[in-house]
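A.B. asks: Have a look at this one.
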Amino acid sequence: MAEAYATPLHAAGAANGGRPLALSVRQAKKVYGSRDSVTHALDGVSFDVAQGEFVGVMGPSGSGKTTLLNCVSTIDKVTSGQIIVDGKDITTLSKRALAKFRRDELGFIFQDFNLLDTLNAMENIALALTIKHVAPSQVTTRVQNIAAALGVAEVLKRYPNQMSGGQKQRVAAARAIVGDPKLILADEPTGALDSRSAAVLLETLEMMNQKMGATIMMVTHDSYAASFTNRVLFIKDGRLFNEIRRGALSREEFFARIMEVVAFLGGEVSHVA
Amino acid sequence: MLLKLAWRNIRHSVRDYTIYFLTLLFGVAVFYAFNSIGGQEVMFDLEAEADAHQFAMTQQFLGMFSGLIACVLGFLILYSNGFLIRRRKREFGTYMLLGMPNAQVSAIMLMETVIIGLASLALGLVAGFLLSQAMAFFTASLFGTTIMNYQFVFSPDAFVHTIICFAVIYVVVALFNTIMVNRQKLIDLLHANGKNQKVSVRNPWACLVGFIVAIAILAYSYEQLIESGLVMMDDVRFQRATIGMLVGTFILFWSLAGFVIALITRTKSIYLRGLTPFTVRQIASRVNTAFVSLWAVCVMLFFSITVFSVGMGLVDVFTNGIEDANPYSATLSAEVYQDDALATIRDTETDASARAEAMKAEAPERYENAVAHDWSMAAALEEADPVGWTDTIANAAQIDLYFLPGTTYGDLFQKIGTEAAQRLEELGDSLSDSNVGIVSVSDMNASRALIGEAPIQLVDDECMVANNMEISKDVAADLTASGISFSALGHELAVSPELITTQLEDNAILATALTLVVPDGVVEDLQGMGAIPARSLLNVMYADNGLSPAQNDEALAQIVATAQPRSLGGFEKGTSGSSDTWASLLWPVTRVITAYGMIAQSNGLKMLITYLALYIGLVLLISTAAVLAVQQLSNTADSLPRYRMLSRIGCSPKMINRSLLIQILVYFLLPLAVASCHAACAIGVLSKELFTALGVPVTGPIGMAAALVAVIYGGYLLVTYLTSRNAVAGALKAR
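Each protein sequence line maps, in turn, to chains A and B. So for the first sequence, the numbering used here puts the first residue at 1; every next one is plus one. So for the second sequence, the numbering used here puts the first residue at 274; every next one is plus one.
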């Protein structure tokens, strides 16, 4: 009974105050394995993300949260169901169209930064624009503006191995947002950072969401990281288990609420910053 | 168990091994095929010793170079093996982490080496065997014959040679691997993949300076090379050019990356487009560390291209028009002239009887013999062996070459003008100072009759220029076009505009050089003044006696041996070979050249040079291409995470493949371009100094070299690209 846990479909739009949807996941199922041993990594997940939202996805290891992210980011494909980004059902797109879709509509932040070690920060950020064939004259200005906003202007000439983890992740964030994507997907972005750098990054993401209007979907198992979002979805065993909204709560109060759900979930209790 | 593991490893990393294996296979096959050429002998109907000798000689030379080739192949195998090992450090680390002792890890490596080695050796020998069969047909075409008795030829010598040679190489490889595994620390092995290459960025200004210096050094070397003319290898300019090219190329590759990259990255409008930043950095990150191997590849490519095209050109030099150069069955010559220290026969005597006096003093017997036969070589030989002579010789005609005392070529050309005199001077060998060489018109017509050419009509106060030698062609044209006349022993002779191109004797090349055909009266007057011929050439045509040319050659040698047996003694000119049955005398016979012998020798040379050029060119080419291929494949494998990331942020496979193609193209074509420039310079010089002088077009060999490079190098390039593309596609799908 997936519906019992999931947000009722008709309620989604209303709950977000009528803002248009950036992402809509409908009955997404992902099945691994053959006849003998079937694993339901996703077992009918449905939810919506409105434009300008900062949504966290939490769940214990093996709950399906990374599979969900992979499916939304079109790196993986759902077995059944729909994923609609900006009104387009991406599950029906061809391989070539998928690459174009990722390029034009999505921004990525990964746990292990995934910067190209042969390029300096400037070039890493610029790459998101050049592969979209943005005019070279615009590229430099746009990169510099974003870098200044994200506080990495002074490391633009450096190569990844000359930067700290926090700097690398902020450069990655700059690369994710520089192309004005419809949706930024962050996969455990604080996973490889110390707590100080993690806090700076989360504030950066928050700023990107509030000041720049970026729509962000962040997968994390860190309650502290999740407390920076507007709304947290909990996934367990491939299903949507619960959903809590920050509403008017302060970050600390929201953090406490998240901890309650995590404890209730019986999942691992993540470290608290 | 270990064997199973080794076998699985090979099957697992079959993609990494493909190029390595193919190259080993190629190496073995080529090595066997070229070393087995001697064995082809049995397929041909070889009637003369001369032909069998050609096979033996070719075999010997190829054998000599095989040592060198084995070293090149050994280096290649070690190098590519090193690359494969480096890629698998982590795997070894895992074995060790699981508690496998070093010895066992080494044993796995050893087994892998043995399996790959045995497989490549076996398949390579089979391929080499087939290749050598195909080469027999090629040999036949070189000889201009067809194969008489085709059979599968197996050369046990080549077989054993190949096995020993490659066994040694594999043992070295195995030792190398064992040392490599034993020396590693576990922590390094496990973190091998995680280690980032340190991106070293050179100062672009230093690179710019380096680049300019490199260009300057190369320009200087080219200039030295052009000046030296590549004629003498011990010329100091040639040595300077060689060192300059090596150093200049090295600095060029060192500086090129930094310089070009600085240039491109500063040109934002070019740089910030599509995957250009990635592609440029990808190339740059390697050029900074790979410039040494790029340099080595470039040098080897240069050798490969030059050796191959020059070799093919030389084949033409030695064999072009060999039949035209040997119109008579045989030429027997009496080299009576004195001044033979120089390559060109010349004479500066002003006294007509000087040579006769000298010969009387140094070889009185020979002089008397000649006078007794009225200087007719045929008479002397026929007298010695009348039966042999009539059985063997159908027709004979003697050409006596004299020098006009006191009239030099310089005198004639001064009359034409200073420009013509200058051209003559440039011909070298102080031809200007030499007296003019003449033959009588009846001597000339007698030999022309032998080969079916119409007699020359010469009026009394006229002479004609005979020349068919390429090098003196222009000068001869100056003379025929001049319309000058000159005085010879009281005869006023006008130079006819008509050019005679008759070959006066059998020779390796067309060798009639600036000889004047004069009325008989001139020669008679000269004889009256006590002059003797400087050279006498007896051209003979064999009788239609049912014997083969080789047998007639032997019969002719027998006649000469009867006239002048080795035991005779007397004045020896010393130009005959030690195996000859006759003594080389000043008169009647100093030297015998037969058309059949010349052609056989030239075919042999053709085979020798062709195969040497092919062998060396081929092996060097395969080696360089393989080194590049292994480098690029390993480079791609190291970069797979980067491609995966590019794909994630939305690069289409098409863009990624294009970037891949550009990287591989740059790495393959950059050294090729530099090597081609060097080769063009070297071949250009050679072509000016050698090929053009001998009238051999150089376009053919260059075309062949280009085709060889296109097929082998291009083939490796293509395979490298396709393999890389598959590897990348696989990595993108795996996620």
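C-beta atoms are modelled at their ideal positions from N, C-alpha and C, and glycine is treated no differently. Small disclaimer: the values here were computed from a predicted structure and weren't measured.
Under 7 Å between C-beta atoms, does isoleucine 922(B) make it to chain A?
C.D. replies: Answer yes: the Cβ-Cβ gap between isoleucine 922(B) and chain A drops below 7 Å somewhere.
A.B. asks: Which residues share a DSSP beta bridge with isoleucine 672(B)?
C.D. replies: Note: isoleucine 672(B) sits in a beta bridge opposite Leu810(B).
A.B. asks: Got a sec: is the Cβ-Cβ distance from lysine 277(B) to anything in chain A below 7 Å?
C.D. replies: No, lysine 277(B) does not count as interfacial toward chain A.
A.B. asks: Short of 9 Å Cβ to Cβ, which residues in the stretch 921-945 of chain B face chain A?
C.D. replies: Within the stretch 921-945 of chain B, the qualifying residues are Arg921, Ile922, Gly923, Cys924, Ser925, Pro926, Lys927 and Met928.
A.B. asks: Could you tell me which whole beta strand (DSSP E) segments of length 3 or greater appear in the stretch 21-97 of chain A?
C.D. replies: If we require 3 residues or more, the beta strand (DSSP E) runs fully inside the stretch 21-97 of chain A come out as 21-32, 39-50, 54-58 and 80-85.
A.B. asks: Would you verify that the beta carbon of alanine 541(B) is, or is not, closer than 7 Å to some beta carbon of chain A?
C.D. replies: Reading off the sequence, residue 541(B) comes out as lysine, not alanine. Cβ-Cβ to chain A under 7 Å: yes for lysine 541(B).
A.B. asks: Going by other Cβ atoms of all chains shown within 10 Å of its Cβ, with 16 needed for buried, is isoleucine 460(B) buried or exposed?
C.D. replies: Exposed, because fewer than 16 other Cβ atoms sit within 10 Å of the Cβ of isoleucine 460(B).
A.B. asks: Am I right that leucine 183(A) and leucine 98(A) are in contact with their C-beta atoms under 8 Å? What's the rounded C-beta distance?
C.D. replies: That pair is no contact at about 14 Å.
A.B. asks: Can you give, in chain order, each stretch of the beta strand (DSSP E) that sits fully within the stretch 350-411 of chain B and has at least 3 residues?
C.D. replies: Correct list: empty.
A.B. asks: Buried or exposed: glutamate 699(B), going by 16 or more other Cβ atoms within 10 Å of its Cβ?
C.D. replies: Classification of glutamate 699(B): exposed, given that the 10 Å Cβ count is below 16.
A.B. asks: Throw me the rounded Cβ distance for the glycine 690(B) and glutamine 831(B) pair, which I believe falls under 8 Å.
C.D. replies: The pair is not a contact, with the Cβ atoms about 53 Å apart (cut-off 8 Å).
A.B. asks: Is the stretch 543-562 of chain B touching the stretch 855-868 of chain B in the sense that three or more CB pairs, one from each, lie closer than 8 Å?
C.D. replies: Taking 8 Å as the limit for Cβ pairs, the verdict is that the stretch 543-562 of chain B does not touch the stretch 855-868 of chain B.
A.B. asks: Can you pull out the residues from the stretch 254-267 of chain A whose beta carbon lies closer than 7 Å to at least one beta carbon of chain B?
C.D. replies: From the stretch 254-267 of chain A, no residue has a Cβ closer than 7 Å to chain B.
A.B. asks: Where does threonine 680(B) fall in DSSP's three states?
C.D. replies: Three-state DSSP puts threonine 680(B) in a strand.
A.B. asks: Does DSSP put serine 849(B) in a helix, a strand or coil?
C.D. replies: Note on serine 849(B): pLDDT 46, under 50, position unreliable in the model; the coordinate value appears next. Coil at serine 849(B), not helix or strand.
A.B. asks: Taking C-beta to C-beta, are threonine 204(A) and glutamine 51(A) nearer than 7 Å?
C.D. replies: Not in contact: threonine 204(A) and glutamine 51(A) (Cβ atoms no closer than 7 Å).
A.B. asks: Kindly indicate which three-state DSSP category valine 971(B) falls into: helix, strand or coil?
C.D. replies: DSSP places valine 971(B) in coil when its eight states are reduced to three.
A.B. asks: Can serine 393(B) and leucine 276(B) be called in contact, C-beta distance under 7 Å?
C.D. replies: Cβ atoms of serine 393(B) and leucine 276(B): not closer than 7 Å.
A.B. asks: Can you check whether the CB of leucine 829(B) is closer than 7 Å to the CB of alanine 603(B)?
C.D. replies: Cβ atoms of alanine 603(B) and leucine 829(B): closer than 7 Å.
A.B. asks: Could you tell me whether the stretch 895-914 of chain B touches the stretch 523-542 of chain B, using the rule of 3 or more Cβ pairs below 8 Å?
C.D. replies: No, they do not touch.
A.B. asks: Quick test of your reading: aspartate 751(B) and arginine 696(B), contact by CB under 8 Å. State the CB separation rounded to the nearest angstrom.
C.D. replies: Their Cβ separation, rounded to whole angstroms, is 6 Å, which keeps aspartate 751(B) and arginine 696(B) in contact under 8 Å.
A.B. asks: Hey, is proline 550(B)'s beta-carbon within less than 7 Å of any beta-carbon in chain A?
C.D. replies: So, interface residue.
A.B. asks: Cβ closer than 8 Å: which chain A residues qualify as neighbours of glutamine 333(B)?
C.D. replies: Those do not exist, as glutamine 333(B) stays about 52 Å from chain A at its closest Cβ, beyond 8 Å.
A.B. asks: Counting only beta-carbon separations shorter than 7 Å, does lysine 468(B) have a partner in chain A?
C.D. replies: In this prediction, lysine 468(B) scores a pLDDT of 48, lower than 50, which makes its location untrustworthy; the coordinate-derived value is nonetheless stated afterwards. Chain A, which has no Cβ nearer than 7 Å to the Cβ of lysine 468(B), makes this no.
A.B. asks: Under the three-state reduction of DSSP, which class applies to tryptophan 860(B): helix, strand or coil?
C.D. replies: Coil at tryptophan 860(B), not helix or strand.
A.B. asks: By DSSP's criteria, threonine 604(B) is part of a beta bridge. Which residues make up the other side?
C.D. replies: Asn812(B) and Ile866(B), per the DSSP bridge assignment.
A.B. asks: Give me the Cβ distance between leucine 981(B) and phenylalanine 941(B), rounded to the nearest whole Å; I'm assuming they're in contact under 8 Å.
C.D. replies: In fact, because the Cβ distance is near 15 Å, the residues do not count as touching under 8 Å.
A.B. asks: Tell me whether arginine 628(B) is buried or exposed, calling it buried when 16 or more other Cβ atoms sit within 10 Å of its Cβ.
C.D. replies: Per the 10 Å Cβ criterion, buried.
A.B. asks: Is the beta carbon of methionine 737(B) sitting closer than 7 Å to the one on glutamate 771(B)?
C.D. replies: Their beta carbons are under 7 Å apart, which means methionine 737(B) touches glutamate 771(B) by this criterion.
A.B. asks: With a cut-off of 7 Å, does the C-beta of serine 997(B) fall near any C-beta of chain A?
C.D. replies: No, serine 997(B) lies away from the interface with chain A (no Cβ there is under 7 Å from its Cβ).
A.B. asks: Along the chain, where does the beta strand (DSSP E) that runs through methionine 207(A) open and close?
C.D. replies: Run containing methionine 207(A): none in the beta strand (DSSP E); it sits in the alpha helix (DSSP H), 195-211.
A.B. asks: Closest to tryptophan 478(B) by CA distance: which of Thr681(B), Glu735(B), Leu536(B) and Lys927(B) is it?
C.D. replies: Of Thr681(B), Glu735(B), Leu536(B) and Lys927(B), the residue nearest in Cα terms is Leu536(B).
A.B. asks: I'd like the list of long-range same chain contacts for leucine 326(A), defined as Cβ closer than 7 Å, with 5 residues on each side in sequence excluded.
C.D. replies: Outside the shown range of chain A (1 to 273) lies residue 326(A), about which nothing can therefore be said.
A.B. asks: Quick check on threonine 775(B): buried or exposed, where buried means 16 or more other Cβ atoms within 10 Å of its Cβ?
C.D. replies: Flag for threonine 775(B) reads buried.
A.B. asks: Starting from methionine 918(B), find everything on chain A with Cβ-Cβ shorter than 7 Å and list it in chain order.
C.D. replies: Per Cβ cutoff of 7 Å: Asn114 and Leu116.
A.B. asks: Quick check: what's the CA-CA separation for alanine 343(B) versus valine 441(B)?
C.D. replies: Between alanine 343(B) and valine 441(B), the C-alpha separation is close to 10 Å.
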